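Asks:
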DNA sequence: CTGAAAGCGCTTACAG
DNA sequence: CTGAAAGCGCTTACAG
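Protein chains in written order, with the UniProt record's numbering: chain A, 1 to 335; chain B, 1 to 335.
#1: Just to confirm the assignment, what range does the beta strand (DSSP E) spanning residue 103 (chain A) have?
#2: Taking the alpha-carbon positions, what's the residue 253 (chain B) to residue 148 (chain A) distance?
#3: Within 10 angstroms of its Cβ, does residue 203 (chain A) collect 16 or more other Cβ (buried), or is it exposed?
#4: Quick check on residue 146 (chain B): buried or exposed, where buried means 16 or more other Cβ atoms within 10 Å of its Cβ?
#5: Strictly below 7 Å CB to CB, what residues from chain B border residue 340 (chain A)?
#6: For residue 2 (chain A), does the three-state DSSP call read helix, strand or coil?
#7: When you check each C-beta in the stretch 55-70 of chain A against every C-beta of chain B, which residues fall closer than 8 Å?
#8: Compare the C-beta of residue 84 (chain A) against all C-beta atoms of chain B and say whether one is closer than 8 Å.
#9: Please list, in chain order, all residues of the same chain as residue 168 (chain B) whose beta carbon is under 6 Å from its beta carbon, the five residues on each side excluded.
#10: Within the stretch 217-249 of chain B, note down every full beta strand (DSSP E) run reaching 3 residues or more, in order along the chain.
#11: Can you name the start and end residues of the beta strand (DSSP E) that residue 68 (chain A) belongs to?
#12: Let me see if you follow: with CB-CB separation under 8 Å, is residue 121 (chain A) close to chain B or not?
#13: Please list the terminal residues of the continuous beta strand (DSSP E) segment that includes residue 129 (chain B).
#14: Can you say whether residue 8 (chain B) is buried or exposed, counting buried as having 16 or more other CB atoms within 10 angstroms of its CB?
#15: Assign residue 191 (chain A) to one of two classes, buried (16 or more other C-beta atoms within 10 Å of its C-beta) or exposed (fewer than that).
#16: Kindly indicate the opening and closing residues of the alpha helix (DSSP H) around residue 324 (chain B).
#17: How would you call residue 270 (chain B), buried or exposed, if buried means at least 16 neighbouring beta carbons within 10 angstroms?
#18: Is the number of C-beta pairs between the stretch 110-119 of chain B and the stretch 262-276 of chain B that are closer than 8 Å three or more?
#19: Using a Cβ-Cβ cut-off of 6 Å (strictly less than) and excluding sequence neighbours within five positions of residue 235 (chain A), which residues of its own chain qualify?
#20: Measuring CB to CB, does residue 104 (chain B) end up less than 8 Å from residue 58 (chain B)?
#21: When burial is assigned at 16 or more other CB atoms within 10 Å of the CB, is residue 318 (chain A) buried or exposed?
#22: What is the DSSP secondary structure of residue 273 (chain B), counted as helix, strand or coil?
#23: Going by the C-beta, is residue 258 (chain B) closer than 7 Å to any heavy atom of the ligand FMN?
#24: Does the CB of residue 1 (chain B) have a neighbour CB from chain A at under 8 Å?
#25: Helix, strand or coil for residue 184 (chain A), going by three-state DSSP, please let me know.
#26: With H, G and I counted as helix, E and B as strand and the rest as coil, what does DSSP make of residue 293 (chain A)?
#27: At a cut of 8 Å, does the stretch 292-301 of chain B reach the stretch 323-330 of chain B through at least three beta carbon pairs?
#28: If you reduce the DSSP assignment to three classes, tell me which class residue 153 (chain A) lands in.
#29: I'd like to know if residue 260 (chain A) contacts chain B, where contact means its C-beta is closer than 8 Å to some C-beta of that chain.
#30: State yes or no: is the beta carbon of residue 30 (chain A) nearer than 8 Å to at least one beta carbon in chain B?
#31: Taking three-plus beta-carbon pairs below 8 Å as touching, is the stretch 241-252 of chain A in contact with the stretch 162-182 of chain A?
#32: Roughly how many angstroms separate the alpha carbons of residue 90 (chain B) and residue 241 (chain A), rounded to a whole number?
#33: Taking 8 Å as the CB-CB cut-off, is residue 4 (chain B) touching chain A?
#34: Classify residue 330 (chain A) as helix, strand or coil using the three-state DSSP reduction.
#35: Would you give the residue range spanned by the alpha helix (DSSP H) that residue 95 (chain A) belongs to?
#36: Would you kindly check if the distance between the Cβ of residue 153 (chain B) and the Cβ of residue 88 (chain B) is under 8 Å?
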């Protein structure tokens, strides 16, 4: 029962102790190359018994791989986006570790490429995931110019770039349509930061739904860049003055602020104004009344990003063919 | 102007082209070992010109280092904790990359050690940072049993373990004292998840402040595990029925819910009830009225964690001696 | 089926 | 001050 330092074996030790060559040991482990059934089992057994784990760094050097991938996160994201990034991260980590890859995070600041360049110069990763595509981001252009494989999370117009995205446009269109069908006459839209692509997608969905049903959209029904309580309150005030009877919020944070503002003005939901959100959260679900909103499977989004990337890097992965989807959850706030 | 593949040099190439040995090149780069001024400059110049960057993985193998550190994040953290983790992450990444280290994230799920064991077995990191110490966490015990250096973010009673923490107890004590001095007669405490150490620290601060001023604390003034709107609303209701004239919330999320609940009941802040939070956020700052709260420098907390860890790993770092601190920001909600 | 050898791109005693 | 050589712990043609 002494606290003896457990010896950490190398492939050399194993070869010596077993009286075989390290080539053989390597083959038994990797499963590549021909090897006798008997020897393989002997090696595997020894490994199991002594809990040998190959040195990934050495393996990487020999194979010119790093077994790392990078997740590029914006440094400046707003509170409203936390749940999104956290879920992405979780999905990515899960599939990465399933392939014995690790994920290195790098927080990148707007158009400052230095962190990306550092990662690239140091050759510590085999591929990168760029989260939250900002319109006209330099990062994308830069990554394209490198040989490094990468996928972006978010909408992407460049057909040469691999991406995954939630169906924001479709979801927005569907929820808008539903609200119009339910009898909302004038539906205000409270949007987020206009430089984010997701804002644009949701906006388009809203427009298309109006077009489809032959409804007019007036400039003054659209309130963009609702990033704090003050902006939201102003928007709500103006919308009410204009007699809007429905408010569609682009995400849960905006929606929370919107609800707060309505409550302050003692405007009943849904009897005077129906409210819905294009991104769900617990606080909307548990609100009184519960708020209608769209649920995405963001963990899965992250997983798909990682799978796509691993595939580009030549890993074998059973990429899910089933497309990402969403659910519109109708709750009391739109009844 | 062709898109020629830029050759990626190795130390061997440089040695050959310069007619020196690779030992010399290595020395010129690392600055270790004696080397002639002239040769050093020749090498450095060549490197600069051809933008040579040493292969970190190879360097690592030779030095038995990985130049990675791991950040262990709980998989299940609540919305309320996002800003905290994000700021930590940012601080850690900043100092890590300053030392040419990268940070690998791993999301660990309660008492499931498998992810930690994987990291350890793969030897992909030189040290770990365990964020959010949960009371009696297995992770800590496990890490202690490994040789791997690690530091924890959060309070820590074990004197053998290195940790960094915000001064939650002190801050809680100070803010509580201030509220009592300002004339609050009965101060309710709305606390978070009781299994987190931070909850305990803040609770203690609240108690100590009462003791110091000779005030009694009644069981029924304490409301723990206020993790959703329902629980908070109940707590607020009960507190009001008991005639409390002050409410101290443990964090910004709890406080937001508390404010919402008060607003619904049309209880004016601060005239009927004074409200304060032990963790600040924009939404509290911009609330109407603005909410008194405590500001911590969490980015710096992350930095210090990383610095402490790097030091344990033998890196040279000018560790900041200045202790972490906090500011109590008195706003309208406690006037 | 198995192994000796070279190689991945660095570092570092050791000798000169 | 400089270099030849061994080594970090793996993989992988190549030969047998």
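Here a beta-carbon is modelled for each residue, glycine too, at the ideal position from N, C-alpha and C. Being a predicted model, the structure only gives us computed values, none of them experimental.
Replies: Quick look at the numbers:
#1: Where residue 103 (chain A) is concerned, the enclosing beta strand (DSSP E) stretches over 102-108.
#2: Inter-residue distance for residue 253 (chain B) and residue 148 (chain A) is about 40 Å (C-alpha atoms, whole angstroms).
#3: Its Cβ being crowded by 16 or more others within 10 Å, residue 203 (chain A) is buried.
#4: With fewer than 16 Cβ atoms within 10 Å of its Cβ, residue 146 (chain B) is classed as exposed.
#5: What is shown of chain A runs 1 to 335, which leaves residue 340 (chain A) out entirely.
#6: With a pLDDT of 38 at residue 2 (chain A), under the threshold of 50, the modelled position of that residue is not reliable, and no figure is offered here.
#7: Within the stretch 55-70 of chain A, the qualifying residues are 55, 56, 57, 58, 60, 61, 66, 67, 68.
#8: Cβ-Cβ to chain B under 8 Å: no for residue 84 (chain A).
#9: The beta carbon of residue 168 (chain B) sits closer than 6 Å to those of 198, 201, 202, all from its chain and outside the five residues before and after it, given in chain order.
#10: Qualifying beta strand (DSSP E) stretches, in chain order: 246-249.
#11: That run of the beta strand (DSSP E) goes 68-74.
#12: Output row for residue 121 (chain A): interface = yes.
#13: In this chain, the beta strand (DSSP E) harbouring residue 129 (chain B) covers 128-131.
#14: Exposed, because fewer than 16 other Cβ atoms sit within 10 Å of the Cβ of residue 8 (chain B).
#15: Classification of residue 191 (chain A): buried, given that the 10 Å Cβ count is 16 or more.
#16: Annotation for residue 324 (chain B): no alpha helix (DSSP H) segment contains it, and DSSP assigns it neither H nor E.
#17: Per the 10 Å Cβ criterion, buried.
#18: When Cβ pairs closer than 8 Å are counted between the two stretches, the stretch 110-119 of chain B is seen not to touch the stretch 262-276 of chain B, the count staying below three.
#19: The residues are 190, 223, 226.
#20: In this structure, residue 104 (chain B) lies away from residue 58 (chain B), with their beta-carbon atoms at least 8 Å apart.
#21: Residue 318 (chain A) is exposed by the Cβ-count criterion.
#22: In the structure shown, residue 273 (chain B) sits in coil (DSSP, three-state: anything other than H, G, I, E or B).
#23: Of the ligands one can find in the structure shown there are none, so the ligand FMN has no counterpart to examine.
#24: Bear in mind that a pLDDT of 37 at residue 1 (chain B), under 50, signals an unreliable position, so the model cannot answer this.
#25: In the structure shown, the three-state DSSP call for residue 184 (chain A) is coil.
#26: Here residue 293 (chain A) carries a strand assignment [DSSP, helix/strand/coil].
#27: In short, these stretches touch, since the Cβ pair count reaches three.
#28: Three-state result, residue 153 (chain A): strand.
#29: Yes - at least one Cβ of chain B is within 8 Å of the one on residue 260 (chain A).
#30: Not one chain B Cβ lies under 8 Å of residue 30 (chain A).
#31: The way I'd put it, the stretch 241-252 of chain A does touch the stretch 162-182 of chain A; three or more beta-carbon pairs between them come closer than 8 Å.
#32: C-alpha separation (whole angstroms): 43 Å.
#33: Unreliable placement is indicated for residue 4 (chain B), whose pLDDT of 45 sits below 50; the coordinate value is still reported in the next sentence. Chain A, which has no Cβ nearer than 8 Å to the Cβ of residue 4 (chain B), makes this no.
#34: Look at residue 330 (chain A) here: in three-state DSSP terms it is coil, with no helix or strand label.
#35: Counting along the chain, the unbroken alpha helix (DSSP H) around residue 95 (chain A) starts and ends at 82-98.
#36: A contact, by the Cβ cut-off of 8 Å.
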